[in-house]
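**Student:** The structure is given below, and queries will be raised subsequently.
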Amino acid sequence: MRTRCIPLVVTAALLLGAASPAMASVQALQDRIYDVTGVDAAGFVETRIGTRTDRDQDEKRESIEEARIQLDLGRDFGWALARLKTDFVADGVGEVVSTELREANLQFSPLAWMDVKAGRQILTWGTGDLLFINDMFPKDWESFFIGRDDENLKAPSDAVKASVFSDALNLDFVWTPVMEGSVYIDGSRISYYNSVLGRLAGRDYVFADDERNQFVRDSEFALRASKIVSGVELAMYGYYGFWKTPEGLEFIPLPTLFYPRLAEWGASARGQFGGGIVNVEAGYYDSLEDSSGADPFVRNSEIRFLAGFERELARNFTGGFQYYLEWMQDYSAYEANMPAGMPARDEYRHLLTMRLTKMLLQQNLRLSIFCYYSPSDHDYYFRPKANYKVNDQWTVEGGVNIFGGRDDYTFWGQFEDNTNVYLSARYGF
Amino acid sequence: MRKFFVLTAMFFLFSPFTAAAGMSADEVVHRANLVSYYGGDDGKALAKMTITDAQGRKRIREFVILRRDEKDGGDQNFYIYFKRPSDVRKMVFMVHKHVKGDDDRWLYLAKLDLVKRIAASDKRTSFVGSNFFYEDVSGRGEGEDTHKIAKEDDKYYVIDNIPKDPAAVEFVSYRVWIRKKDFMPKKAEYTDKQGRIYRVVEALEIKDIQGIPTVTRSRVKDLNSGGQTVSEFKDIRYNIGLKNSIFTERYLRRPPREARR
């Protein structure tokens, strides 16, 4: 059977299954599994389809076409919590059937004031809403842009996290022995601006990257110190590792992307103000392989900053607004060394975001939109979405990913041809 | 002399009841608040909410609720760990309730490993899609309304409550029936601008648990939409020695033993 048919077959099976009495006994089965083995089992079956709204000569018409089964198993051993979460995916666009291990970890407390989580896990910290400054953990941007569930934006890390708690300060330390990069836009599924070709490219030019895969030598270290002072959450962060997307380009023997070394440190604060939540975060990205900023093929050091405010605007209607800045350091060195003809970035990249969420029908229907808009790059990315909980098991979702901009080489503008619409149905158990 | 002592002892023993005859509305509300939200120094319960809409369709929410008081009638902490349905499984809702000032509230979304801070302003919105409000779960500040005894019989105080900040709430007033014998609120009726009763909260079953009167079944009826939610509480235990550290980010990411099965 062709892989592309699988999502359709699963959809048909889902619809038939929904009508069958077998589904009603899933909960009884879960209880039975728990009673006999102590394993807490849950998961979902989902099908998701989507298409580009414009013809993109570089990519397939279909943006997403997949069936996904997630099994989430947990067991409480008393001394530790074990977790195993796996996605089985039939991807009609990539034409592959694969297994994605999202979590496989043990969580335990070796000391009363210490927690350890070891193994594959989802990690995140920081205060931004869909903007990440001090969160140096891997993201899956491709999933985000083609309309997979939000859960998929957070990519797993194989890491050890140790946390120490005290009244004075809480410390979290994460060691990732082999660097985990983000899933970035390489052309295989979403077209992008290729700086080597000087034009948009897609499947005709899928970038290769020089993977960081040396145990220990390619380690990442992340640290956070946090404390709540009269209701205000304060944190300081440090990171030593690599740019999470390949921000370096080398030409010998062939044009290849690589992950330059990066050190980062920053701070954040979050608290209540004006009937809502205010957050402020900043970070300094020290690009260690281009400290003078003179190498046009390695991203310069940057200062990043964000400030946000979120509050209820009316009953069941909330709004969130953020301002975000990327300030390139050593800009004159960057400009002076730019190859002729390559479009230069601005010294300051300003970005505004807005999130509006309206809950209707006793919170079963959620209408939301998240917008990114850059007044300096003149580009945008809008994410309207509707999510309806048919009942406690079934959820249907539909949304659009709208990209656009004045130029085809800016961050969002380059994805203009990838504007897509998607629909999904999920049975959770 | 001996008789005098007996009389004095009896007076003190029964003072809450005898003195009740002359109690002010504020005192009654204060006592009712203590009985409803401050039983024991801490407590745990397994809650099951059944939400029924006007068409009779049912949805279930199951969660464990942990509570610890800083002091009776003072600040308290809540930790709510969701078990069902699957889309909210392992989600945690945590409140640091402050008698003075806004509450601090967090939501932990397990599948994103995200600790989200939520604004305290929207207290009168639906609690996880039920007909209960967030405020019904953690309690409404006594000082947010003015209280008046509307009537009184041998069983109930009937108190009328008018919000001091009408713009912050959806009701114009509400009337509460409070049992005289233990100050447990039995029923509350909310009235809208048109003077209609549109929302009724009722304690359907009150049991004695470890000597503490406890609501084990309650119901909210939304007369506008025709929907209702019934909450049932099981495995209720008081004074289990919950540590204050449970109500921190550490335990959002790693649910404490008390919240797991």
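Note that the protein sequences, when read in sequence, are chains A and B.
If you use the numbering used here, the first sequence corresponds to residues 1 to 429, in order.
If you use the numbering used here, the second sequence corresponds to residues 1001 to 1261, in order.
Built from N, CA and C at the ideal position, the CB exists for glycine as well.
#1: Pull up the distance between the alpha-carbon of LYS139 of chain A and that of PHE273 of chain A, whole angstroms please.
#2: Identify, in the order they occur along the chain, each residue of the same chain with its Cβ nearer than 6 Å to the Cβ of THR1018 of chain B, setting aside the five sequence neighbours on each side.
#3: Please return the same chain residues whose Cβ sits closer than 8 Å to the Cβ of TYR348 of chain A, not counting the five positions on each side in sequence.
#4: Which two residues bound the contiguous beta strand (DSSP E) that contains ASP35 of chain A?
#5: So the alpha helix (DSSP H) SER332 of chain A belongs to, where does it begin and stop?
#6: Using the beta-carbon count (16 or more within 10 Å), is THR37 of chain A buried or exposed?
#7: Which residues in the same chain as THR357 of chain A place their Cβ atom closer than 6 Å to its Cβ, once the five residues preceding and following it in sequence are excluded?
#8: Would you say GLU310 of chain A reaches chain B, if we count a Cβ-Cβ gap shorter than 8 Å as a contact?
#9: I think LYS154 of chain A touches ILE122 of chain A, with their Cβ atoms under 8 Å apart; what is that distance to the nearest whole Å?
#10: What's the call for ALA1168 of chain B, buried or exposed, on a 16-neighbour Cβ count within 10 Å?
#11: Based on the DSSP output, what are the partners of GLN393 of chain A in its beta bridges?
#12: Do LYS1186 of chain B and VAL1200 of chain B have their beta-carbon atoms positioned less than 8 Å apart in this structure?
#13: Report the residue from A:GLY266, A:PHE258, A:ILE133, A:GLN214 whose alpha carbon sits nearest the alpha carbon of GLY238 of chain A.
#14: So what does DSSP say about THR1018 of chain B, is it helix, strand or coil?
#15: Once DSSP output is grouped into helix, strand and coil, what is the label at LYS1243 of chain B?
#16: When burial is assigned at 16 or more other CB atoms within 10 Å of the CB, is ASP482 of chain A buried or exposed?
#17: Please tell me whether THR395 of chain A has its Cβ less than 8 Å away from any Cβ of chain B.
#18: Using a Cβ-Cβ cut-off of 6 Å (strictly less than) and excluding sequence neighbours within five positions of LYS1090 of chain B, which residues of its own chain qualify?
#19: For ALA201 of chain A, go through chain B and note every residue whose CB falls closer than 7 Å to its CB, in chain order.
#20: Can you pull the chain B residues whose beta carbon is under 9 Å from the beta carbon of ASP436 of chain A, in chain order?
#21: Could you tell me which chain A residues have their CB closer than 7 Å to the CB of ASP1113 of chain B, listed as they occur along the chain?
#22: Taking the alpha carbon of PHE1046 of chain B as the point to measure from, which residue in B:ILE1178, B:ARG1237, B:SER1173, B:ASN1131 has its own alpha carbon closest?
#23: Are the CB atoms of PHE165 of chain A and TRP113 of chain A nearer to each other than 8 Å?
#24: My guess is that ASP1041 of chain B and ASN1239 of chain B are in contact by the Cβ rule of under 8 Å, so how many angstroms apart are they, rounded?
#25: Ignoring anything shorter than 3 residues, give me the beta strand (DSSP E) runs that lie fully in the stretch 1140–1173 of chain B, in order along the chain.
#26: Determine the DSSP secondary structure at ALA1025 of chain B, reduced to helix, strand or coil.
#27: Can you name, in chain order, every residue of its own chain whose Cβ lies under 6 Å from the Cβ of LEU71 of chain A, other than the five neighbours on each side?
#28: Over the uninterrupted beta strand (DSSP E) stretch that includes ILE1065 of chain B, give me the two end residues.
#29: Could you check what DSSP says for LYS1111 of chain B in three-state terms: helix, strand or coil?
#30: Would you list, in sequence order, the uninterrupted alpha helix (DSSP H) runs of no fewer than 4 residues that lie entirely inside the stretch 1211–1241 of chain B?
#31: What do you get for GLN393 of chain A, buried or exposed, if any count of 16 or more other CB atoms within 10 angstroms of its CB means buried?
#32: Would you mind giving the Cβ-Cβ distance between ARG1140 of chain B and GLU1170 of chain B, rounded to the nearest angstrom? I have them listed as a contact below 8 Å.
#33: Using 8 Å as the cut-off, can you tell me whether the stretch 47–62 of chain A makes contact with the stretch 417–424 of chain A, which would need three or more C-beta pairs spanning the two stretches below that distance?
#34: Going by C-alpha distance, which of B:ILE1178, B:GLU1189, B:VAL1176, B:LYS1193 is nearest PRO1166 of chain B?
#35: For GLN1210 of chain B, count neighbouring C-beta atoms within 10 Å of its own C-beta (all shown protein chains included) and say buried if the count is 16 or more, exposed if not.
**Tutor:** Put simply:
#1: 30 Å
#2: Note that THR1018 of chain B scores 43 on pLDDT, short of 50, meaning its location in the model is unreliable; the coordinates nonetheless yield the value given after this. Closer than 6 Å at the Cβ level, and outside the excluded window around THR1018 of chain B, lies no residue.
#3: LEU325, GLU326, TRP327, MET328, SER376
#4: Looking at the DSSP string, ASP35 of chain A is not in any beta strand (DSSP E); the run it does join, the alpha helix (DSSP H), is 26–37.
#5: 331–336
#6: Under the 10 Å beta carbon count, THR37 of chain A is surrounded by fewer than 16 other beta carbons and is classified as exposed.
#7: THR318, SER368
#8: It does; some Cβ of chain B falls within 8 Å.
#9: Confirmed, Cβ separation roughly 5 Å.
#10: It counts as exposed.
#11: Answer is none; GLN393 of chain A lacks a bridge partner.
#12: No, these two residues do not count as a Cβ contact at 8 Å.
#13: The residue with the shortest Cα to Cα distance from GLY238 of chain A is A:GLY266.
#14: Reliability fails at THR1018 of chain B, whose pLDDT of 43 lies under 50, so the model's placement of it is uncertain and the value that follows must be treated cautiously. Three-state DSSP puts THR1018 of chain B in a helix.
#15: Residue state for LYS1243 of chain B is assigned as coil, using DSSP reduced to three classes.
#16: Residue 482 of chain A lies beyond the residue range present for chain A, which begins at 1 and ends at 429; the question has no answer from this structure.
#17: yes
#18: ALA1110
#19: Result: empty, since nearest Cβ-Cβ is about 32 Å, beyond 7 Å.
#20: The question about residue 436 of chain A has no answer here: the residues shown for chain A are numbered 1 through 429.
#21: Under the 7 Å cutoff, chain A gives ILE122, LEU123, THR124, LYS154.
#22: In the sequence on display, residue 1046 of chain B carries Leu and not Phe. Of the candidates B:ILE1178, B:ARG1237, B:SER1173, B:ASN1131, the one whose C-alpha sits nearest the C-alpha of LEU1046 of chain B is B:ARG1237.
#23: yes
#24: 6 Å
#25: 1145–1152, 1156–1163
#26: Three-state DSSP puts ALA1025 of chain B in a helix.
#27: GLY43, THR86
#28: 1058–1069
#29: helix
#30: none
#31: Under a 10 Å Cβ-count criterion, GLN393 of chain A is classified as buried, with 16 or more other Cβ atoms of the shown protein chains found around its own Cβ.
#32: No, ARG1140 of chain B and GLU1170 of chain B are not in contact; Cβ-Cβ is about 13 Å, not under 8 Å.
#33: yes
#34: B:LYS1193
#35: exposed
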